[in-house]
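Using this note's numbering, read the sequence shown as starting at 1379 and increasing by one per residue.
First up is the structure itself, then whatever we jot down about it.
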Amino acid sequence: MTIEDVDKNFVFHPFTNAREHADHGPLTIVKGQGSTLTDTRGKEYLDAMAGLWCVNIGYGNAEMAESLREQTLKLPYYHTFASMGNEPVAQLAQRLIAMAPGEMSKVFFGNSGSDANDTQVKLVWYYNNVLGRPQKKKIISRSRGYHGVTIMSAGLCGLPGMHAGFDLPLPMIKHVRAPHSLWEQKPGETEAQFVQGLADELEQTILREGPHTVAAFIAEPIQCAGGVIVPPASYFPAIQEVLRRYEVLLIADEVVTGFGRTGEEFGSNVYGIQPDLMTVAKGITSAYVPLSAVIVSDHVWNVVLEGSEKFGLFSHGYTYTAHPLAAAAALTNLDIIERDGLRHQAKARGDHLAERLRAEFAGHPLVGEIRGYGLLGAVEFVKSKDPMTAFDPTGKVSTAVVKRSRELGVITRALPASDTISFSPPFVVTDGEIDRMAALTRQALDDVAADLKLL
Ligand code: PLP
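Laid out in structure tokens, this is it:
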């Protein structure tokens, strides 16, 4: 039996069509170096997505291997329940608080972006229970948002495919529109009017539900999995003003935008966001080891302290909360990013990516928009541009382009809810590799257009 057969027989794959997988099996990756992956047949791929927007320092980093080896031999595991601690975790928490925007105070560690966003909701509910506001529990999220897959975080997602078949979202979750000008901005509407309309919609939602029932608003600074949606600069200031008026906490989901992908430390720095709570994961360890964190502001923390009198223990935490191997990996990863200037490099490579995507795709009759920020890029395909009309069903073209790109040796991703392919390569990607990523995906689009007779 090949390893592909073993996989088909035994692995239950996430975000995979079970029937198609049973028919076609996996693409099995055996190794990675820099931005290049190799499969079982020795075929190489340029990874234009850094895995799932996360292997920021690139594959095969020897310093990470050494750091994990050292920590494994010194202390591979100990828990942090009941006031127990370990060295790397204390150092990492201190470093995160120093890096984070605004007045942040404490860090709660988890294993994934999903569980961290779950923790956020529990924390927000706990906060309002301590404050004697038992009805203030609803969470507002946005269409096209992506926040994870647990029962709560999947409900927070604004992607219908994440809810279908799972009885989600739970009733305390409400959604508002995304700041996606391509589809949401009305003809003739200025950017200022568009932003005002989104802020008004948020305010009306809070008023309709009752401000005494709305606890928090969760948002990615740039909505990544929902389409690499870059908001207008005035969007977050307008949103924050509404949230403050009604004492609604702001959770910034920085799972993709944290640790340099935008060229800034966090997406919140780009947009002047002052979060009450922040979620980070992925790039914190460049995905070498699973780790996520909830970063808690001073004023939320002060309420948690008060909660000790009311509830005793803060009865939440995972076996792997504050895992020393993950913390050691994070410290080494952050050292590498800082020492090698990778955040600035991400910005420079991002500028090159934007230029190459424009050069390859601008003016193409099937391309509705090319967008991005920092080392994040996207190309959205449309059926026609005047008027702007999406393909129906959504995703057929992007899925075909991704499949063809893979055959040509580039891994991109088809994003759900729109016909969009995304680019989010490792920060160590070279300009030459970016040139090939853009050229080969353009070739893939031409091949698909010819194949599907789209032009
Ligand atoms: N939040 C955002 C913004 C994400 O992009 C993701 C994953 O892509 C998550 C949360 C969930 O993270 P995880 O897959 O680690 O659970």
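The C-beta atom is built at its ideal place from N, Cα and C for all residues, glycine as well.
Since we're looking at a predicted model, the values are computed, not measured.
query                                                                                                                         : result
beta-carbon Ala1577 near the ligand COA non-hydrogen atom, thresh 7 Å                                                         : As presented, the structure is devoid of the ligand COA, carrying the ligand PLP as its sole ligands.
Span separating the alpha-carbon of Lys1386 from that of Phe1393                                                              : 15 Å
Buried or exposed (CB count within 10 angstroms, at least 16 for buried), Phe1834                                             : For residue 1834 there is no data in the structure shown, the boundaries of the chain being 1379 and 1833.
Any non-hydrogen atom of the ligand PLP closer than 7 Å to Tyr1698 Cβ                                                         : no
The ligand PLP site residues, beta-carbon cut 7 Å against heavy atoms                                                         : Leu1430, Trp1431, Ser1490, Gly1491, Ser1492, Asp1493, Asn1495, Tyr1524, His1525, Gly1526, Val1527, Ser1531, Glu1598, Cys1602, Ala1603, Asp1631, Val1633, Val1634, Thr1657, Ala1659, Lys1660, Ser1670
Alpha-carbon spacing of Asn1506 relative to Leu1548, whole angstroms                                                          : 19 Å
Chain-order list of residues whose beta-carbon lies under 8 Å from that of Val1779 (same chain, five-residue window excluded) : Phe1759, Thr1790, Ala1792, Ile1799, Thr1819, Ala1822, Leu1823, Val1826
Short CB-CB distance (under 8 Å) between Val1527 and chain C                                                                  : Annotation note: the requested chain C is absent from the structure, which comprises a single protein chain.
Thr1406, buried or exposed, once every other Cβ within 10 Å from all chains shown has been counted against 16                 : exposed
Exposure of Leu1509, with buried meaning 16 or more beta-carbon neighbours within 10 Å                                        : exposed
Local conformation of Gly1750 per DSSP, three classes                                                                         : strand
Sequence ranges, alpha helix (DSSP H) only - wholly within the segment 1711 to 1782, length at least 4                        : 1720 to 1739
Simplified DSSP assignment, three categories, for Gln1563                                                                     : coil
Contact belief for Arg1784 with Tyr1423 at Cβ below 8 Å, rounded distance in angstroms                                        : 7 Å
Span of the beta strand (DSSP E) around Gly1488                                                                               : 1482 to 1488
Gly1410 - partner residues in DSSP beta bridges                                                                               : Leu1415
Reduced DSSP secondary structure (H/G/I, E/B, other) of Leu1664                                                               : It is Ser, not Leu, that sits at residue 1664 in the sequence shown. It is coil, neither helix nor strand.
Of the residues Glu1444, Val1633, Leu1703, Ser1802, the one placed nearest Ile1662, counting alpha carbons only               : Val1633
Val1433 vs Ser1776 beta-carbon contact at 8 Å                                                                                 : no
Range covered by the alpha helix (DSSP H) that runs through Val1681                                                           : 1676 to 1689
Ile1617 beta carbon less than 8 Å from that of Arg1727                                                                        : no
C-alpha gap between Ile1714 and Ile1475, whole angstroms                                                                      : 18 Å
Alpha helix (DSSP H) segment containing Ala1616, residue limits                                                               : 1613 to 1623
Arg1791 in three-state terms, based on DSSP                                                                                   : strand
Secondary structure of Tyr1698, DSSP reduced to three states                                                                  : coil
CB-CB length for Ser1521 against Leu1534, believed under 8 Å                                                                  : At roughly 11 Å, the Cβ-Cβ gap does not stay under 8 Å, so Ser1521 and Leu1534 are not in contact.
Val1408 versus Asp1425 - alpha carbon distance                                                                                : 13 Å
Reduced DSSP secondary structure (H/G/I, E/B, other) of Arg1511                                                               : coil
Leu1415 versus Gly1436, Asp1401, Val1681, Leu1576, residue with shortest Cα-Cα distance                                       : Gly1436
Val1876 (DSSP reduced to helix, strand or coil)                                                                               : Nothing in the structure corresponds to residue 1876, since the chain is present only between 1379 and 1833.
Top-ranked residue by Cα proximity to Ala1478, from Gln1723, Tyr1456, Gly1636, Phe1692                                        : Gly1636
Alpha-carbon to alpha-carbon, Glu1448 and Lys1774                                                                             : 47 Å
Exposed unless 16 or more other CB atoms sit within 10 angstroms - verdict on Glu1481                                         : exposed
Under 8 Å between C-beta atoms of Ser1492 and Arg1639                                                                         : no
Local Cβ density within 10 Å of Glu1738, reported as buried at 16 or more and exposed below that                              : buried
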